[in-house]
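Trainee: For the first sequence, full-length UniProt numbering assigns the number 1 to the initial residue and increments by one for each residue that follows.
Glycine residues also receive a C-beta, built at the ideal position from the N, C-alpha and C atoms.
Bear in mind the structure is a predicted one, so any value in this text is a computation, not a measurement.
Right, I'll just put the structure down here and ask away after.
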Amino acid sequence: MGAADETRDGVSLTNLDQPLFDGAGATKRDLVDYLDAVRDRILPGLRDRPLSVVRVRPGQDPFMQKNLPKYTPDWVRRTSVWAEASHRSISYALCDDRRTLLWFANQRAVEYHPTLGRAGHPEHPTQLVLDLDPPPGDSFGAAVAVALLVREALTEAGLAGAVKTSGAKGLHVIVPVADGTTAEDAAAATRALAARTERLDPALATTAFIVEDRGGRVFVDSTRAYGATVVAAYSPRIRPGTPVSYPVDWADLGAVRPADFTVRTVPALVAGRDPWVRALPEPQRLPADLVAEGRTIPVARVQAMHEGKRRAKARREAG
DNA sequence: GAAGAGC
DNA sequence: GCTCTTCAACGCGAC
DNA sequence: GTCGCG
Ligand SMILES: [Mn+2]
Ligand SMILES: [Mn+2]
1 MGAADETRDG VSLTNLDQPL FDGAGATKRD LVDYLDAVRD RILPGLRDRP LSVVRVRPGQ
61 DPFMQKNLPK YTPDWVRRTS VWAEASHRSI SYALCDDRRT LLWFANQRAV EYHPTLGRAG
121 HPEHPTQLVL DLDPPPGDSF GAAVAVALLV REALTEAGLA GAVKTSGAKG LHVIVPVADG
181 TTAEDAAAAT RALAARTERL DPALATTAFI VEDRGGRVFV DSTRAYGATV VAAYSPRIRP
241 GTPVSYPVDW ADLGAVRPAD FTVRTVPALV AGRDPWVRAL PEPQRLPADL VAEGRTIPVA
301 RVQAMHEGKR RAKARREAG
């Protein structure tokens, strides 16, 4: 163990011997060393994409950071995006190099959530994502079963995807899409694929946006679309043991656990190889019938907001 | 982690 | 100078 | 500005 502070690639790194967060089983140094060790694997997924990060300190709640703080060094690349919610321009980082990654690590940025499209091109995502969220409990096996249903739906549509652990309890299926694919088409295709997955086994998979309506089934989340973010491959997560979102071969899905992949184990697994690059298929054009089907499916989220509003009103009136 | 307020 | 407090998100869209 | 959700 070295000094508590050091400088690396010109970036000051501080308090390296402090715990990363409660239950991390890792120090801030472990985070810095992990990200530096996998930088050539994680940076390609972050490069040129508006970045949100989740930062955390021991004893405190994690918080998501989008807008760069005033004190951010000027060598951090950034892009401005107007936010309707706060009526202001958000300055997003573009994490393109080692120095920026190390600076974020020193900020205790543990999770890295890039957008689906590149800076300046929110209307043209490079991939679509089916996010599989299992119900509470020990349900990773259910997520695996639903991932295989997603694969079936993809194959049926003439598409191919790659799968990775989310680092939490679920899985992400990623489908690279051809240049020129619009966000609208990608979102519609995502909804259609989620609906087809649910249809393949409605007892196992659901597209219900309201938690209460999921009934112990795996939520096939099609809302990772438009400006949404998805945690990057190789990003650590703020979960016990500091797991990492990690690629898995389809054939190996049944043989892994999310906890197999942590900031301690992953550097050795990626030495001399990039399993995410290897797993990702070529960008694909979305079948017209899939997109057309998706256009007929309402956005579950919107329905849920109205239902939520109705239920809240009912609660108030019940006293 | 860093800045600002208050001592 | 020190200690304490505060801050660090978004959008979907009808109502 | 709200609601549910990630
Ligand atoms: Mn998820
Ligand atoms: Mn989700």
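Using a Cβ-Cβ cut-off of 6 Å (strictly less than) and excluding sequence neighbours within five positions of residue 134, which residues of its own chain qualify?
Mentor: Along the first sequence, read from residue 1 onward, the residue named residue 134 stands at position 134. Here the set comprises 142, 143, 169, 170, 218.
Trainee: Taking residue 110 and residue 193 to be in contact with their CB atoms under 8 Å, please state how far apart those CB atoms are, rounded to whole angstroms.
Mentor: Locating residue 110 in the first sequence gives position 110, counting from the first residue. Locating residue 193 in the first sequence gives position 193, counting from the first residue. Contact flag wrong, Cβ pair sits at about 30 Å.
Trainee: Quick one, are the C-beta atoms of residue 116 and residue 226 less than 9 Å apart?
Mentor: Start at 1 with the first residue of the first sequence, and residue 116 comes out as number 116. Start at 1 with the first residue of the first sequence, and residue 226 comes out as number 226. Their beta carbons are under 9 Å apart, which means residue 116 touches residue 226 by this criterion.
Trainee: Could you give the C-beta distance for residue 245 and residue 167, rounded to a whole number, given that I count them as a contact under 8 Å?
Mentor: For this step, residue 245 is matched to residue 245 along the first sequence. For this step, residue 167 is matched to residue 167 along the first sequence. Right, the Cβ-Cβ distance comes to about 4 Å (below 8 Å), so this counts as a contact.
Trainee: Between the Cα of residue 223 and those of 210, 215, 288, spot the shortest distance and give me the residue it belongs to.
Mentor: For this step, residue 223 is matched to residue 223 along the first sequence. Per the Cα distances, 210.
Trainee: Find the nearest neighbour of residue 253 within the set 205, 147, 220, judged by alpha-carbon distance.
Mentor: In the first sequence, the residue the question calls residue 253 occupies position 253. Ranking 205, 147, 220 by Cα distance to residue 253 puts 147 first.
Trainee: In terms of residues, what are the limits of the alpha helix (DSSP H) holding residue 306?
Mentor: Walking along the first sequence from the start, residue 306 turns up at place 306. Note, residue 306: alpha helix (DSSP H), 300 to 318.
Trainee: Do you know how far the Cα of residue 230 is from the Cα of residue 178?
Mentor: As a working note, residue 178 is residue 178 in the first sequence. As a working note, residue 230 is residue 230 in the first sequence. Rounded to whole angstroms, residue 178 to residue 230 spans 19 Å at the Cα level.
Trainee: Under a criterion of Cβ closer than 6 Å to any non-hydrogen atom of ligand 2, which residues qualify, in chain order?
Mentor: Having a Cβ closer than 6 Å to some heavy atom of ligand 2 are 131, 133, 221.
Trainee: Does DSSP put residue 152 in a helix, in a strand, or in coil?
Mentor: For this step, residue 152 is matched to residue 152 along the first sequence. Three-state result, residue 152: helix.
Trainee: Give the straight-line distance between the Cα atoms of residue 185 and residue 130, rounded to the nearest whole angstrom.
Mentor: For the purposes of this step, residue 185 is identified with residue 185 of the first sequence, where counting begins at 1. For the purposes of this step, residue 130 is identified with residue 130 of the first sequence, where counting begins at 1. Approximately 14 Å between the Cα atoms of the pair.
Trainee: In whole angstroms, what separates the C-alpha of residue 208 from that of residue 302?
Mentor: One-based indexing of the first sequence puts residue 208 at position 208. One-based indexing of the first sequence puts residue 302 at position 302. Each residue's Cα considered, the two are about 12 Å apart.
Trainee: Relative to ligand 1, is the shortest distance from any of its heavy atoms to the C-beta of residue 145 smaller than 8 Å?
Mentor: Residue numbering aside, residue 145 sits at position 145 when the first sequence is read from its first letter. Answer for residue 145: no, Cβ out of range of ligand 1.
Trainee: Tell me which same chain residues have a C-beta within less than 8 Å of the C-beta of residue 404, skipping the five on either side of it?
Mentor: In the structure as shown, the chain begins at 1 and stops at 319. Residue 404 is therefore absent and cannot be evaluated.
Trainee: What are the boundary residues of the beta strand (DSSP E) that includes residue 90?
Mentor: Stepping through the first sequence from its first residue, residue 90 is reached at position 90. Unbroken beta strand (DSSP E) run through residue 90: 88 to 94.
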